[in-house]
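In what follows, a structure is listed as structure tokens, so that the remarks can point back to it.
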Amino acid sequence: MDFDVVVVGAGPAGLSAACKLAQLAQQHQQTISICVVEKGAEVGAHILSGAVFEPRALDELFPQWQQQGAPVTTQVSHDEFVYLTTETNHIKVPQLFTPISLRNDGNNYVISLSKLCRWLAAQAEELGVEVFPGFPAKEVCYDQNGNVTGIITADMGLDKHSQPKSTFQAGIQLNAKQTIFAEGARGSLGKGLINHFKLDKDSQPQHYALGIKEVWRLPEHDSRFQSGLVIHSTGWPLSESDSSGGGFLYHLEENLVAVGLITDLNYSNPYLSPFDEFQRLKHHPQFAQHLQGAERIAYGARAIAKGGLLSLPKQQFPGGLLVGCEAGTLNSAKIKGCHTAMKSGLLAAEAVFQAIADEQQEADYAGLFVNSWLYDELNLYRNFPGAIHQYGTLLGGAVTLFEQNVWHRLTGGKSSWDITDTQADYVALYERSRCKPIKYQKPDGKLSFDKPSSVYLSSTFHEEDQPCHLLVSDNRIPVTHHMTLFDEPSQRYCPAGVYEVIEVEGQRKLQINAANCLHCKTCDIKDPSQNITWVPPESGGPNYSEM
Numbered sequence: 001m002d003f004d005v006v007v008v009g010a011g012p013a014g015l016s017a018a019c020k021l022a023q024l025a026q027q028h029q030q031t032i033s034i035c036v037v038e039k040g041a042e043v044g045a046h047i048l049s050g051a052v053f054e055p056r057a058l059d060e061l062f063p064q065w066q067q068q069g070a071p072v073t074t075q076v077s078h079d080e081f082v083y084l085t086t087e088t089n090h091i092k093v094p095q096l097f098t099p100i101s102l103r104n105d106g107n108n109y110v111i112s113l114s115k116l117c118r119w120l121a122a123q124a125e126e127l128g129v130e131v132f133p134g135f136p137a138k139e140v141c142y143d144q145n146g147n148v149t150g151i152i153t154a155d156m157g158l159d160k161h162s163q164p165k166s167t168f169q170a171g172i173q174l175n176a177k178q179t180i181f182a183e184g185a186r187g188s189l190g191k192g193l194i195n196h197f198k199l200d201k202d203s204q205p206q207h208y209a210l211g212i213k214e215v216w217r218l219p220e221h222d223s224r225f226q227s228g229l230v231i232h233s234t235g236w237p238l239s240e241s242d243s244s245g246g247g248f249l250y251h252l253e254e255n256l257v258a259v260g261l262i263t264d265l266n267y268s269n270p271y272l273s274p275f276d277e278f279q280r281l282k283h284h285p286q287f288a289q290h291l292q293g294a295e296r297i298a299y300g301a302r303a304i305a306k307g308g309l310l311s312l313p314k315q316q317f318p319g320g321l322l323v324g325c326e327a328g329t330l331n332s333a334k335i336k337g338c339h340t341a342m343k344s345g346l347l348a349a350e351a352v353f354q355a356i357a358d359e360q361q362e363a364d365y366a367g368l369f370v371n372s373w374l375y376d377e378l379n380l381y382r383n384f385p386g387a388i389h390q391y392g393t394l395l396g397g398a399v400t401l402f403e404q405n406v407w408h409r410l411t412g413g414k415s416s417w418d419i420t421d422t423q424a425d426y427v428a429l430y431e432r433s434r435c436k437p438i439k440y441q442k443p444d445g446k447l448s449f450d451k452p453s454s455v456y457l458s459s460t461f462h463e464e465d466q467p468c469h470l471l472v473s474d475n476r477i478p479v480t481h482h483m484t485l486f487d488e489p490s491q492r493y494c495p496a497g498v499y500e501v502i503e504v505e506g507q508r509k510l511q512i513n514a515a516n517c518l519h520c521k522t523c524d525i526k527d528p529s530q531n532i533t534w535v536p537p538e539s540g541g542p543n544y545s546e547m
């Protein structure tokens, strides 16, 4: 099938690019065929974010979004930033000592990003864009000169041995003048494109975090519910293992409360379990007071690209672009990536539209990017990830506070120094002999839970008789190398219990429960030997409705 533009991924970046392209075509009275392919069974099914939302890019894309019924209705009403000193105590950080980037007063909202993406998809279809959910993109197409010419979707109806079943359907080749890749953090095709075109040769390694989130429902008329309440935390429990990250708790609409923990994936203790750290967090009085007596209704997890501007690869190449979290446009200093992803999609649409009009192979995204507010914002806060990684939460936070609240105000602009982190997250693990095992308490079934019951709430489903989408290059490494050095960390860093070390006939073996996979891609990022590669399955995954 031939299109002018193929967009891979129906997240905020991909859908914004598709909508903007269709708008530009209408404004210039031109016809441009646009196709969006999405691996989730429906748009929004695989979308997860906190999310505190800054509507700046949405204002540009749909100035009348409120009248059009966008699901962005709950404005931030109260904003708190707390440092959890111990499992029972905390310090409420005064606004004077809160970095400017972490202040959420003003025109910000708490939203469900999966709902917003479903709304954006509806707007795209009204503009004439073809949106195809349930079609994972499996392969990039190149011409004889190495330029991107489109993608091929996954074959459907293969059994676990990759042999055709009676339901077999071959993947579809989608040819395009320009292909926009918007798969989200650690996209499988984007990872290959970065290597193919060496797009990261001038940037530091990308850095990631694992975000784990639950949605709870408070009883009707509960006096604790405060629509628009936003709480962010740092410190305990991650501080006990010298790891960085932080918690969040947002009061949405209709008595819904979102709670979660973001764990930076540069942690060093192989015994650390982000899932269990999150269970501990919910027992802290600052969080427990909002959750006791409420019903947990949803669970999910997703990796976040958080390296910022200094980790951003070149985003353009002959025949295509990387946008949004695929490239890493999230502003971790703000703990926000939705507005930046959308803006990168808008810039991509402008660049692609001009490239097609000029019959150019490579769209000039970079020229638009460096002259945009997106670049200015990422540049202003570019040192935040490095400061936290290099100096830790307290000292790194102090450096951030000085840079944002003092230096920028004195100079009227950005700092002249760069704080880098050139160590990839997967090499950060210490050998277990250097680390103290972490003993996690058994979940109480009220505030804390186990992985199986949590995965159940994600509505994750995969057809069992299909090829495993978690590719292990060498099956010996987990049991001969990783068990000795790290006690096989995949047993703990995976938030869905996908990986288990079992004994079969006296021999240890890594068992992969691929049906549990939440598509968070942590294994692809954190495996210390880079021995695991995540690729999209032919179908399935989580089915988020409130995330």
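Just so we're aligned, residue 1 is where the sequence shown starts under the UniProt record's numbering, counting upward by one. Cβ coordinates follow ideal geometry from the N, Cα and C atoms, glycine included.
The beta strand (DSSP E) enclosing residue i, as first and last residue numbers
i: W534; result: I532 to W534
i: Y83; result: H78 to L84
i: C141; result: A137 to Y142
i: L38; result: The amino acid occupying residue 38 in the given sequence is Glu; Leu does not appear at that position. Element bounds for E38: I34 to E38.
i: V6; result: D2 to V8
i: I502; result: Y499 to V504
i: Q511; result: Q507 to I512
i: L322; result: G320 to L322
Selection from the options that minimises the alpha carbon distance to residue i
i: G246; options: G235, G40, E503 and D105; result: G235
i: K436; options: L229, H284, Y271 and H519; result: Y271
i: T179; options: Y381, L518, A363 and G260; result: A363
i: S332; options: R432, R103, A514 and L189; result: R103
i: V82; options: G320, C468, S433 and H232; result: H232
i: N108; options: G328, T153 and G50; result: G50
i: L394; options: K526, S239, L281 and P136; result: S239
i: V140; options: L193, G184, L127 and A185; result: L193
i: E253; options: Q279, I91 and H221; result: H221
i: E277; options: Y391, K439, Q123 and S433; result: K439
i: L378; options: Q316, S311, A398 and T422; result: S311
i: P452; options: L120, A57, M483 and A515; result: A515
i: Q30; options: L116, D4 and A288; result: D4
i: G157; options: T149, G146 and Q169; result: Q169
i: M1; options: Q123, G9, I151 and F97; result: I151
i: S473; options: N531, F461, E431 and N543; result: N531
i: A303; options: Q316, T484, F275 and F132; result: F275
i: A10; options: E130, E60, G445 and Q361; result: E130
i: V498; options: L429, S454, I477 and E538; result: S454
i: P385; options: K343, A366 and G328; result: G328
Delimiting residues of the alpha helix (DSSP H) encompassing residue i
i: L127; result: Note, L127: premise wrong, no alpha helix (DSSP H); not H, not E.
i: I356; result: C338 to A357
i: H90; result: Element bounds for H90: not the alpha helix (DSSP H) but the beta strand (DSSP E), H90 to K92.
i: E295; result: Segment E295 to A305 is the beta strand (DSSP E) holding E295; no alpha helix (DSSP H) there.
i: S448; result: From DSSP, S448 is part of no alpha helix (DSSP H); its letter is neither H nor E.
i: E377; result: W373 to L380
With 16 other Cβ atoms within 10 Å as the buried cut-off, status of residue i
i: Q404; result: buried
i: Y456; result: exposed
i: V36; result: buried
i: A357; result: exposed
i: A349; result: buried
i: R492; result: buried
i: I297; result: exposed
i: W417; result: exposed
i: Q292; result: exposed
i: I512; result: buried
i: V86; result: The question names Val, yet the displayed sequence has Thr at residue 86. It is exposed - the Cβ of T86 has fewer than 16 other Cβ atoms within 10 Å.
i: T484; result: exposed
i: Q269; result: According to the sequence as given, residue 269 is Asn; it is not Gln. Looking at its Cβ environment, which holds 16 or more other Cβ atoms inside 10 Å, N269 is buried.
i: E488; result: buried
i: G307; result: buried
One or two residues paired with residue i in a DSSP bridge
i: K334; result: Note: K334 sits in no beta bridge, so no partner.
i: S233; result: V82 and G247
i: T74; result: V110
i: F461; result: G541
i: L471; result: T533
i: F486; result: Bridge partners of F486: none, in fact.
i: V52; result: V110
i: Q316; result: L321
i: P133; result: E38
Interface flag, residue i vs chain C, CB-CB below 7 Å
i: I111; result: Of the chains in the structure shown, none is chain C; there is only one protein chain.
* **Sequence ranges, beta strand (DSSP E) only - wholly within the region 239-288, length at least 3** => Entirely contained in the region 239-288, the beta strand (DSSP E) runs reaching 3 residues are, in chain order, 245-251 and 256-264.
* Pick out the complete alpha helix (DSSP H) segments inside the region 146-222, 4 residues or longer, and give them in chain order. => You should have 188-197.
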